[in-house]
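These notes concern the structure reproduced below.
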């Protein structure tokens, strides 16, 4: 794992948060709410936030993100508060980062929201898979941002405390070029390792599908209570903490429904607004647990003032990772606390096959959730037959991943499959249906 962690000393790093809002833009959250979330992220990373600077602008400054005068204000505040870190509430371009570092000085660490989230993921990854995913995302993020101060970066890779040597320079080659080549090599190697992990996950999912057990995946905004819910439902023993991204590594357990029917249920990484693209790409193998589930439980914190924005952020991320039209149940968690928004006024209910209010922490209405899951599965799963031409082997492979195949016949016209799938997925393959 590359040594990218932001916190290496006993004393928390003192940080200033910076945000800009462009006139006429329609961000998911207000600048105030987004900064509040950024403060939570900084706290989770082990920082001490000692100040904030905001600016309303007509457009983002192409060189310094915020205006030069506002950057001087940041510099002055950092001097007054002895802060050594400045965190921007958006992903900075490589040019932005270089120019801001140049103007604030070499002793100031300039990071953005994406780098902060990547650092939190690096701190919380426990398994080999999670570590590989975070390491890949870090390298993908750092590569276009390599400057002279990042040289020899690749020598810090290969695990905590270990070193990966950089090859000798060729004629006329700069150290920066050597480092860029080394990072490219590392990225290629990590992608190969993760592809092996992805193949292993695929085999596990195929085995679960052949067992006839429907697969359920938990999704939701970070800190909505997914880990607490899976613990309450299955005694999974998943780590729980009141902080963002407390758990990253997926947990899959069997779940018994009231009728005695069994399913599997998987906890997945939490989502957040402005989730780094590199992170979504790196966690593709994990997120496939979502894309190939028979049902999604979308867990939301109904006591949070930004619950509506959280729902939208999760839906946007699901669309970004191309999740098919899988039936969803909206799980209003923390029902023991007074809601700040009336759930009946939210427009999202029509997208779900059911909704339930629960308290995962106190075990309130868990039976109601189990009955809703059973009812939802009964309504959405149906037996159907597909006839797929031999030329469409990709479709056959996808079906084996997405559905429970009951029977297969290789006939003259192609592959005839009898399968048990959700209504949504049956419609998805409608062009191949027969009978």
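Numbering (the numbering used here), first residue to last: 111 to 545. Just so it is clear, CB atoms sit at the ideal spot from N, CA and C, and this is done for glycine as well.
Query                                                                                                                                                                                     : Result
Between the alpha carbons of residue 173 and residue 209, how many angstroms are there, rounded?                                                                                          : 6 Å
Just grab the DSSP bridge partners of residue 141 for me.                                                                                                                                 : Note: residue 141 sits in no beta bridge, so no partner.
Would you mind working out which of 469, 438 and 430 sits nearest residue 448, comparing C-alpha positions?                                                                               : 469
Does DSSP put residue 494 in a helix, in a strand, or in coil?                                                                                                                            : strand
To which residues does DSSP link residue 171 through a beta bridge?                                                                                                                       : 175
Take the Cβ of residue 270 as the centre, count every other Cβ of all protein chains shown within 10 Å, and call the residue buried at 16 or more, exposed below.                         : With a pLDDT of 35 at residue 270, under the threshold of 50, the predicted position of this residue should be treated as unreliable, though the coordinate-derived value follows. Exposed: under 16 other Cβ atoms inside 10 Å.
Helix or strand or just coil, what does DSSP make of residue 240?                                                                                                                         : helix
Residue 423 by DSSP, collapsed to three states: which one?                                                                                                                                : helix
Is residue 481 helix, strand or coil when you go by DSSP?                                                                                                                                 : helix
Report the residue from 341, 156, 177 and 517 whose alpha carbon sits nearest the alpha carbon of residue 165.                                                                            : 177
Does the separation of the CB atoms of residue 517 and residue 528 fall below 8 Å?                                                                                                        : yes
For residue 250, is the classification buried or exposed, using 16 other Cβ atoms within 10 angstroms of its Cβ as the cut-off for buried?                                                : buried
With C-beta atoms as the reference, is residue 549 less than 8 Å away from residue 424?                                                                                                   : For the chain, the structure presents residues 111 to 545; residue 549 sits outside this window and is missing.
Rounding to the nearest angstrom, what Cα-Cα distance links residue 409 and residue 498 in this structure?                                                                                : 36 Å
Could you check whether the stretch 240–255 touches the stretch 183–195, counting it as contact only if at least three pairs of C-beta atoms, one from each stretch, sit closer than 8 Å? : no
Report yes or no: do the stretch 134–143 and the stretch 209–221 share at least 3 C-beta pairs separated by less than 8 Å?                                                                : no
Taking C-alpha atoms, which residue in 462, 373 and 530 lies nearest to residue 484?                                                                                                      : 373
Between which two residues does the beta strand (DSSP E) carrying residue 465 extend?                                                                                                     : 464–467
Determine the direct distance from the alpha carbon of residue 371 to that of residue 531, and round the result to whole angstroms.                                                       : 16 Å
On the three-state DSSP scale, how would you describe residue 461?                                                                                                                        : helix
Whose C-alpha, out of 401, 180 and 144, is nearest the C-alpha of residue 199?                                                                                                            : 144
Apart from the five residues just before and just after residue 392, which ones in its own chain have a Cβ nearer than 6 Å to its Cβ?                                                     : 243, 246 and 247
Helix, strand or coil for residue 251 per DSSP?                                                                                                                                           : helix
Looking at residue 132 and residue 184, is the spacing between their C-beta atoms short of 8 Å?                                                                                           : no
For the candidate residues 465, 478 and 333, whose alpha-carbon lies nearest to that of residue 416?                                                                                      : 333
Could you check how far apart the C-beta atoms of residue 239 and residue 325 are, in whole angstroms? I think they sit under 8 Å.                                                        : So it is not a contact: roughly 18 Å between Cβ atoms.
With the cut-off set at 8 Å, would you say residue 377 and residue 361 are in Cβ contact?                                                                                                 : yes
Check the DSSP bridge columns for residue 126 and list the partner residues they point to.                                                                                                : 161 and 196
Using the C-alpha atoms, what's the distance from residue 386 back to residue 153?                                                                                                        : 19 Å
Tell me whether the beta-carbon of residue 543 lies closer than 8 Å to the beta-carbon of residue 496.                                                                                    : yes
Since residue 513 and residue 400 are thought to touch, with beta carbons under 8 Å apart, how far apart are those beta carbons, to the nearest angstrom?                                 : In fact, because the Cβ distance is near 16 Å, the residues do not count as touching under 8 Å.
What do you get for residue 546, buried or exposed, if any count of 16 or more other CB atoms within 10 angstroms of its CB means buried?                                                 : A query on residue 546 cannot be resolved here, the shown segment of the chain reaching from 111 to 545 and no further.
Distance, Cα to Cα, residue 481 vs residue 467?                                                                                                                                           : 13 Å
From what residue to what residue does the alpha helix (DSSP H) around residue 227 run?                                                                                                   : 223–234
In the DSSP assignment, find the alpha helix (DSSP H) that holds residue 518 and state where it starts and stops.                                                                         : Taken as a continuous stretch (DSSP letters only), residue 518 belongs to no alpha helix (DSSP H), being part of the beta strand (DSSP E) at 514–521.
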